[in-house]
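Here the structure comes first, spelled out in C-alpha cells, and everything after it is commentary.
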Amino acid sequence: MSLQSLIQWTDATWNPIAGCSRISPGCANCYAIKEVRRMGGNPNLKVSGIYNGLVEKNANGILDWTHELRLIEARLTIPLHWRSPRRIFVNSLSDLFHESVPVEFIKKVFSIMNEANWHQYQILTKRSERLAQLEDQFNWSESIWQGVSVESQAYQYRIDHLKQISAKIRFLSLEPLLGPLPDLDLMGIDWVIVGGESGVSPRPMLESWVQNILEQCQQQGVPFFFKQWGGKNKKINGRTLNGRTYDDLPKKFSSDNSEVAKIKN
Ligand code: SF4
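In my numbering, the protein residues as written are 1273 to 1537.
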C-alpha cells in the first residue's frame, strides 16, 4: 500500500483487490499490468505473494492479466490506521466494479470508507454498467467520490451511468484521451481530469482535443485538472497548457475544506 502516490490528483493508494482484465481501448497500455508484474517479482514474499501469477505473456507475446482476481481481506482496514486525512485512490491496480468482485466484498470496501470518513475516497471504474446496477446497495457518504474513465466518444455512455448514482462528487477521468470529445454534457459532473498516454508506445493526444475539453468545462462551470501530455518522456512533456498548469479540484470538496479551515482558524 502506498502512502505517497505518484498520481498528481491523489495522496495515497489503497488496493484491497489485485488483478483485472482489459475491457476497452483505454486498457491497451494498462499501467497496472506493468506495476503488478514488477511487484510479483518483489523479493519480499508478502508483496510478491499477492501479485505473483496475476500477469503473464499471452499467446501473442503481450503482457496481459491472467484474469484471476484476488480479494485481500487483510488490507481492508488500512484506511482506519491512517490517522491524518488524505485523498485515497481506491484500487489503483484493479477495478472495484469488475464482474469478478462479489457484491459482498464491494460492500465491505464501502463499509470501511464510511467508517474511516475523515479521508476522501476516489473510485474510478470502466465498469459503469455494473456501477449503475449496484449503486443502490451502497451508502454513499460525503467522503466517497465516484468517477468513470472515458477515452473516446464510443465510451461516453459511461458518463450517463455515472449520472445515475448517488455519490456527492462525480468525476471523469479522460485518460488516456484517444480522440476528441466535442459534445460533453457535464450537468451533474463535479470534476474533469484529462491526460495523455505515456510509456513505450503511447498513442497521441492532440492539443486541440484538450483545449476543446477545457473550453467545455469553463462554459459549463466544471473544475478542470490537466494531468499530463504523456508521450515517451512524460516528464519532459510536462503538464502545462496555455503556459500554465490546471489543478482545479471539485468545488464541493474545496468549499468543504475551506469550511474546515475556517473552523480551525
Ligand atoms: S480497467 Fe484499469 S486496471 Fe483494469 S485493465 Fe483496464 S486500465 Fe488496467
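Ideal Cβ positions, reconstructed from N, Cα and C, are used throughout, including at glycine.
Query                                                                                                                                        : Result
I'd like the ranges of any alpha helix (DSSP H) spanning at least 4 consecutive residues and lying wholly in the segment 1371-1436.          : 1375-1387, 1400-1406 and 1429-1435
If you run the structure through DSSP and keep just helix, strand and coil, what is residue 1313?                                            : coil
For a test of your reading of the model: does the CB of residue 1367 fall under 7 Å from any non-hydrogen atom of the ligand SF4? Yes or no. : yes
Just list the residues that DSSP pairs residue 1365 with in beta bridges.                                                                    : DSSP output for residue 1365 lists no bridge partner at all.
Looking at the structure shown, is residue 1483 part of a helix, part of a strand, or coil, going by DSSP?                                   : helix
Beta carbon of residue 1304: closer than 7 Å to some heavy atom of the ligand SF4?                                                           : yes
Between 1522, 1287, 1344 and 1338, which has its C-alpha nearest residue 1417's C-alpha?                                                     : 1522
Can you tell which of 1505, 1500 and 1504 has its C-alpha closest to the C-alpha of residue 1512?                                            : 1500
The beta strand (DSSP E) spanning residue 1329 covers which residue range?                                                                   : 1327-1329
Whole beta strand (DSSP E) runs in the segment 1324-1359 with 3 or more residues, listed along the chain?                                    : 1327-1329 and 1335-1337
Can you tell which of 1326, 1299 and 1300 has its C-alpha closest to the C-alpha of residue 1311?                                            : 1326
Thinking C-beta only, is residue 1454 closer than 8 Å to residue 1484?                                                                       : yes
So residue 1370 and residue 1292 are in contact, right, with Cβ under 8 Å, and what is the actual spacing, rounded?                          : 6 Å
Express the C-alpha separation of residue 1282 and residue 1423 in angstroms, rounding to a whole number.                                    : 20 Å
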